[in-house]
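Just below is one structure, and these are the notes that go with it.
2 protein chains.
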Amino acid sequence: MRMELDLGGEQPLYQQIRDQVVLAIATGALREGDHLPPIRELAAEFGIHFHTVNKAYDLLRQEGFIRLSRKSGAVVHTSRSEADTEVWQHKLRLVLAEAVAKGVARAQVEAAYRAVLAEFEHGSSEDAPSQSGRDA
Amino acid sequence: MRMELDLGGEQPLYQQIRDQVVLAIATGALREGDHLPPIRELAAEFGIHFHTVNKAYDLLRQEGFIRLSRKSGAVVHTSRSEADTEVWQHKLRLVLAEAVAKGVARAQVEAAYRAVLAEFEHGSSEDAPSQSGRDA
DNA sequence: TATTTGATACATCATATATATAACAAGTGG
DNA sequence: CCACTTGTTATATATATGATGTATCAAATA
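Going down the list, the sequences are from chains A and B. The opening residue of the first sequence carries number -4 in the numbering used here; numbering runs sequentially from there. The opening residue of the second sequence carries number -4 in the numbering used here; numbering runs sequentially from there.
Rendered as structure tokens:
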């Protein structure tokens, strides 16, 4: 997976990493069982400290997106039962509120919604192979 | 409008205030021309410093949701040309990515989406929604 | 003039972010 | 056994952000 970080951006680096991974999972660039790069390796790639990457990975683990172990490193873990739906539903409500409050037409909101879901429609078996770190 | 702040919460107070106002506008609780409470008054109501409220109002002004003046105070300003669509579209993409990455069924995402938009349907202008919605 | 309004300019304190260095623990392979 | 990689943890430091405190200013108004 390719990742882009905005050094000196408004958003924290660990949050950016976390978001990129979530997006990669949603688009299918990362799938169940895929390995994320080791924290030191990813840190070196971006020229940041491994603690920052570690924080991002730890956050992803807390949210249930990956599993961490000294044995297998960071592994994508998508098979999740219905968990905290309130979290993303609240975020969805807020972002839609922003659009509506800004007077964006419902049709345009709908179009954006469809476009995003279409982007995340990676069926079940296609996509490009994930070339990240090591892989089994 | 009623507002609830989570003191000591994870999110900054000024961000919470900003979000509450945006939500109020989306739901129709706040409309074009409505006045927000003076910063000192709102600060006193929540027991926080007026600087915090001032920061929230300033953020809302930057985003174009309200207008500030010593004359009229803080006034809701919804009639706005569709400008930065990239901002909320990017947020929408991320929040939908979270849901998809967590394995939430598309039907459930759709239901949440419909429910939120229905909540924001305060019979203003815009285009009518496809009346094929159902409950969550 | 006195009051209300947002706007600013300082300051302090606490927390968050990011880096730096070091060490530890578990697993792998020469 | 030893070297290496992996995530994990512990300090420490520097900077940025969040929130408060105090004070003042500027424009509008009663």
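Just so you know, even glycine gets a beta-carbon here, dropped at the ideal spot from N, CA and C. Keep in mind that this is a model prediction, so the values were computed, not measured.
- Taken in chain order, the whole alpha helix (DSSP H) runs of length 4 or more contained in the region 90 to 122 of chain B are 101 to 114.
- Between the region -1 to 16 of chain B and the region 41 to 50 of chain B there are three or more inter-stretch CB-CB distances shorter than 8 angstroms, so the stretches are counted as touching.
- In the three-state DSSP reduction, H30/A falls in the strand class (E or B).
- If you draw a straight line from the Cα of G59/A to the Cα of E93/B, it is about 11 angstroms long.
- Proximity of chain B to Q84/A at the Cβ level (cut-off 7 angstroms) is accounted for by A107, in chain order.
- Neighbours of D14/A in chain B, taken as residues whose beta carbon is under 7 angstroms from its own, are L89 in chain order.
- Rounded to the nearest angstrom, the Cβ distance from A96/A to T80/B is 13 angstroms, too far for a contact under 8 angstroms.
- Three or more Cβ pairs closer than 8 angstroms define a contact, and the region 15 to 26 of chain A meets that threshold against the region 55 to 69 of chain A.
- Your pair V71/A and V90/B does not check out as a contact, with CB atoms roughly 19 angstroms apart and the cut at 8 angstroms.
- As computed with DSSP, R62/B is found in a beta bridge with V70/B.
- Around M(-2)/B, the same chain offers Q15 as residues with beta carbons nearer than 6 angstroms, after the five sequence neighbours per side are excluded.
- A check of alpha carbon separations from D29/B across G68/B, Q84/B, A51/B, A38/B identifies G68/B as the nearest.
- Neighbours of R62/A in chain B, taken as residues whose beta carbon is under 8 angstroms from its own, are absent, since the nearest beta carbon is some 14 angstroms off.
- Residues of chain A whose Cβ lies closer than 8 angstroms to the Cβ of V17/B are, in chain order, L89, A92, E93, A96.
- Here the alpha carbon of Q103/B sits roughly 10 angstroms from the alpha carbon of R109/B.
- For the options H85/A, L2/A, S64/A, L87/A, the alpha carbon positioned closest to that of T47/A is the one of L2/A.
- Bounds of the alpha helix (DSSP H) holding R13/B are 8 to 22.
- Nearest CB-CB separation between F45/B and chain A: not below the 8 angstroms threshold.
- Listed along chain B, the residues sitting closer than 9 angstroms to L112/A by beta-carbon distance are L91, V95, R101, V104, E105.
- When C-beta distances to chain B are compared with 9 angstroms, the residues of the region 19 to 33 of chain A below that value are A19, I20, A21, T22, L25, in chain order.
- A direct Cα-Cα distance of roughly 15 angstroms separates S64/B from A51/B.
- Assigned with DSSP and collapsed to three states, H44/B falls in coil, not helix or strand.
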